[in-house]
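Peer 1:
Numbering (this note's numbering), first residue to last: 262 to 523.
Here is the structure:
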């Protein structure tokens, strides 16, 4: 392991360190306070050593996470749910994984559990990919703000992370808050105004209710997952309508089905 030499002088202050655990059992390490340059040096060191990181140098706070197996399982379920709902309503979707969301000045960044281009941005990505290949699409759009990011585990720094996602231009955040946190899932419209606004229904996936997301995840597992959903719909089953009903979505003009759902 390479030794790290911190730029400490007589007036420097080391940040406060706090180890903890997220609601799904992930190991966390929080930093707060300290002299700006020492804080920035420690953040730069730790950001490359943890699977997930969040920092806001201006506010002097950071969170690093080593996700648990339950965390990773929940993230995969959320990925499949978004892809399945987009499939049901005919929306283009491009999963971008845990790609880091950064502010324009790079003073703050956060790694979501999952992130997506949905709708027009996804269509543009796919057009570039078809014409020039995946590398060209990533090169042109890799730093574009995502339409949706997802967090599956609650920590004390969720509020601060919302602000970073907003400042990075992200459209919407889903906090699934699964596990022992005792918190209900939440959807945040990040660009609604001066601060992120909690909303009952998604705008990115129109009509999806925050309160119905756990039921939709359960329904998708019952169906057999994304691959099973696509296969069974192709065979003429109406399970796409059942999944949409579970999450509270309506069939729109671009959906795979024709009737209107209440």
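C-beta: ideal position from N, C-alpha, C; glycine also.
How many angstroms separate the CA atom of residue 413 from the CA atom of residue 309?
Peer 2: If I take the Cα positions, the gap works out to 21 Å.
Peer 1: What residue range is occupied by the uninterrupted alpha helix (DSSP H) comprising residue 420?
Peer 2: 419 to 428
Peer 1: Check whether the region 453 to 467 and the region 476 to 493 are in contact - that is, three or more C-beta pairs closer than 8 Å.
Peer 2: no
Peer 1: Please name the residue, chosen from 275, 283 and 311, that lies closest to residue 256 on a Cα-to-Cα basis.
Peer 2: Only positions 262 to 523 of the chain appear in the structure, and residue 256 is not among them; the question remains open.
Peer 1: Fully enclosed by the region 273 to 326, which alpha helix (DSSP H) runs are 4 residues long or longer?
Peer 2: 297 to 307
Peer 1: Between the C-alpha atoms of residue 490 and residue 351, what's the straight-line distance to the nearest angstrom?
Peer 2: 14 Å
Peer 1: Please state whether DSSP places residue 376 in a helix, a strand or coil.
Peer 2: Note: residue 376 maps to strand in three-state DSSP.
Peer 1: Could you check the C-alpha separation between residue 362 and residue 430 for me, to the nearest Å?
Peer 2: Cα-Cα distance, rounded: 9 Å.
Peer 1: Going by the CB atoms, is the gap between residue 353 and residue 568 shorter than 7 Å?
Peer 2: Residue 568 cannot be examined here, being either before or after the span of the chain that is shown, 262 to 523.
Peer 1: For residue 509, which of 289, 472 and 451 has the nearest alpha-carbon?
Peer 2: 472
Peer 1: Nearest to residue 381 by CA position, among 288, 298, 405 and 282, is which residue?
Peer 2: 405
Peer 1: Can residue 324 and residue 348 be called in contact, C-beta distance under 7 Å?
Peer 2: For residue 324 and residue 348, no; Cβs fall outside 7 Å.
Peer 1: Quick one: Cα of residue 496 to Cα of residue 326, how far?
Peer 2: C-alpha separation (whole angstroms): 42 Å.
Peer 1: Please classify residue 343: is it buried, with 16 or more other beta-carbons within 10 angstroms of its beta-carbon, or exposed?
Peer 2: buried
Peer 1: Would you mind working out which of 332, 300 and 334 sits nearest residue 322, comparing C-alpha positions?
Peer 2: Taking residue 322 as reference, the option from 332, 300 and 334 with the minimal CA-CA separation is 300.
Peer 1: Just confirm the distance between the C-beta atoms of residue 446 and residue 427, as a whole number of angstroms; I'd bet it's less than 8 Å.
Peer 2: Contact between residue 446 and residue 427 is absent: CB atoms are separated by about 19 Å, not below the 8 Å threshold.
Peer 1: Who are residue 462's beta bridge partners in DSSP?
Peer 2: DSSP output for residue 462 lists 470 as bridge partner(s).
Peer 1: Run through DSSP, which three-state label would residue 521 get?
Peer 2: Confidence is the limiting factor: at residue 521 the pLDDT is only 34, short of 50, which leaves the residue's position unreliable, though a coordinate-based value still follows. Looking at residue 521 - three-state DSSP - the assignment turns out to be coil, as it is neither helix nor strand.
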